[in-house]
Amino acid sequence: MAGRMSIEDAIMAELAAGLHEAEVEAALDHLAHEVCEQVKSETPVFGDLPPHRDAPAEGEPGDARNAVHVEPLPDGGRRVISRDKKAVWIEIGTRHMPEYAPFTKAAAMFGAEGGPSFSSSGRDSMADEGVAREHERLRGELENLAKLTATGAAAHHIAAARRSVEQARTARSAAFKAARPRRGRRGR
1 MAGRMSIEDA IMAELAAGLH EAEVEAALDH LAHEVCEQVK SETPVFGDLP
51 PHRDAPAEGE PGDARNAVHV EPLPDGGRRV ISRDKKAVWI EIGTRHMPEY
101 APFTKAAAMF GAEGGPSFSS SGRDSMADEG VAREHERLRG ELENLAKLTA
151 TGAAAHHIAA ARRSVEQART ARSAAFKAAR PRRGRRGR
């Protein structure tokens, strides 16, 4: 009976496939929770880093860190996500908050390509590409300004670099506004 497969063999093969699938699911859960913990460890809590403010503009200290969690996806994957609105500010920085980039740092640490998604659906979109492109431009302008300042460049070069930073910030804000879902009255 060398060429035949019995019912017991078929059942054992199905069980082995199921065990393999369960092992994959467990490994996927473990990795997602590792990434989640890394993001949480990189996410600041107000009062622990400069400028040592007592409370965030919205919510309580620690809300942004505590909002980071793992969500299962319909296709069986996992997503590490934060639904806190401050997550975007923490990720890419603002005029009043430095760029902490906890999701980007965790992604790089675990060998992922690309950056976080900023779309409301959590999926990559053309809007995300626009935001990412403008953010990279802003990073480049900020690095250029820091380099010019550190090397003691001429005042007119530093002033021009500051204008470039402001233009890049404005372009990034415009990209965010374009990515934001429309609200309000339709047809306008």
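Counting from 1, one number per residue, gives the positions in the sequence shown under UniProt numbering.
Backbone N, C-alpha and C define an ideal beta-carbon position, used for all residues, glycine too.
None of the values given here were measured: they were computed from a predicted structure.
Would you grab the beta carbon distance between residue i and residue j for me? Rounded to a whole angstrom, and I think it's under 8 angstroms.
i	j	result
residue 86	residue 64	5 angstroms
residue 168	residue 141	4 angstroms
residue 70	residue 33	6 angstroms
residue 156	residue 148	Wrong, their Cβ atoms sit about 11 angstroms apart, outside the cutoff.
Could you give the distance in angstroms between the alpha-carbon of residue i and the alpha-carbon of residue j?
i	j	result
residue 144	residue 161	7 angstroms
residue 78	residue 43	20 angstroms
residue 80	residue 38	10 angstroms
residue 62	residue 138	27 angstroms
residue 166	residue 23	50 angstroms
residue 102	residue 164	26 angstroms
residue 27	residue 36	14 angstroms
residue 76	residue 29	10 angstroms
residue 40	residue 108	15 angstroms
Considering only residues of the same chain and omitting the five flanking positions on each side of residue i, which have a CB-CB separation below 6 angstroms?
i	result
residue 97	89
residue 187	Residue placement at residue 187 is poorly supported in this model, since its pLDDT is 49, which falls under 50; the coordinates still yield a value, given next. Correct list: empty, nothing qualifies.
residue 92	99, 135
residue 146	none
So, is residue i buried or exposed, given that buried needs 16 or more other C-beta atoms within 10 angstroms?
i	result
residue 25	exposed
residue 159	exposed
residue 110	exposed
residue 84	buried
residue 189	The chain is shown only over 1 to 188; residue 189 falls outside these bounds and no answer can be derived.
residue 133	exposed
residue 82	buried
Quick one: what's got a C-beta closer than 8 angstroms to residue i's C-beta in the same chain, skipping five residues either side?
i	result
residue 150	none
residue 59	84, 86
residue 95	169
What residues in its chain sit with their C-beta under 7 angstroms from that of residue i, if we drop five residues either side in the sequence?
i	result
residue 45	61, 62, 65
residue 31	none
Compare the C-beta of residue i with all C-beta atoms of chain C and state if any pair is closer than 9 angstroms.
i	result
residue 102	Here chain C cannot be found, since the structure has a single protein chain.
* To do: Write down every uninterrupted run of the beta strand (DSSP E) in the stretch 69–104 whose length is 3 residues or greater and which is fully enclosed by it, in chain order.
  => 78–82
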